[in-house]
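Engineer:
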Amino acid sequence: MPDPGGTPNPPVSEKGQRVALIYALVAERLSAYYEHGQWLTEAQGASLAADWLSRHKRSLTLAERRQLSALSDEMARQMASTLSREAGLYTAHEMMESLDPNYRSDLGIPLMAECERLLDEAESSAP
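Following my numbering, the numbering of the sequence shown begins with -8 at its first residue and continues without gaps.
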């Protein structure tokens, strides 16, 4: 989809897609936690991952979806442990907004980088 200036968005690499999926799952997890006081289960995260991948015409195995779900859970819980309720609500909202590729988020950029770091760490420690 082109941006408002008419420049087409570049294709996303497989790694980029995985990083974006972790980010989207963190946003969903934080939203559920701050809005409903509950953490998503691993299975719920894997199901959300499948839905997200389907919308982007991609797929991953259940094991890969579960791994990315677990990484997103780790990051979301770590973030929640350091944020006040107000800051957490703001962060979750900002992350959800920034899932729109035309929305630029100064908060989202370092969080996306953290998602990439988590993925790199997981892949380097995989057997």
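The C-beta atom is built at its ideal place from N, Cα and C for all residues, glycine as well.
Counting only the same chain and skipping the five closest in sequence on each side, list residues whose C-beta sits under 7 Å from that of E105.
Structural biologist: Cβ within range, chain order: M66.
Engineer: What's the gap between the Cα of E114 and the Cα of T52?
Structural biologist: Going from the Cα of E114 to the Cα of T52 covers about 16 Å.
Engineer: Measuring straight from C-alpha to C-alpha, what distance separates R20 and G99?
Structural biologist: The alpha-carbon atoms of R20 and G99 are separated by roughly 15 Å.
Engineer: Tell me whether the segment 30 to 38 and the segment 76 to 90 touch, counting them as touching only if at least three CB pairs, one residue from each stretch, are closer than 8 Å.
Structural biologist: No: the two stretches stay apart, fewer than three of their Cβ pairs being nearer than 8 Å.
Engineer: Starting from Q69, trace the alpha helix (DSSP H) both ways and give me its first and last residue.
Structural biologist: Unbroken alpha helix (DSSP H) run through Q69: L53 to T73.
Engineer: Pull up the distance between the alpha-carbon of I13 and that of S72, whole angstroms please.
Structural biologist: Rounded to the nearest angstrom, the two C-alpha atoms are 18 Å apart.
Engineer: Could you tell me whether the Cβ atoms of R68 and W30 are closer together than 9 Å?
Structural biologist: Cβ distance < 9 Å, so R68 and W30 count as in contact.
Engineer: Between the beta-carbon of S22 and the beta-carbon of H84, is there less than 9 Å?
Structural biologist: Yes.
Engineer: Using a Cβ-Cβ cutoff of less than 6 Å, which residues in the same chain neighbour A18 once the five nearest sequence positions on both sides are dropped?
Structural biologist: Here the set comprises M86 and M87.
Engineer: What number of angstroms, rounded off, separates the C-alpha of L110 from the C-alpha of L39?
Structural biologist: Approximately 18 Å, taken between the alpha carbons.
Engineer: Name the residue from A117, S63 and A54 whose alpha carbon lies nearest to the alpha carbon of E107.
Structural biologist: With distances taken between Cα atoms, E107 lies closest to S63.
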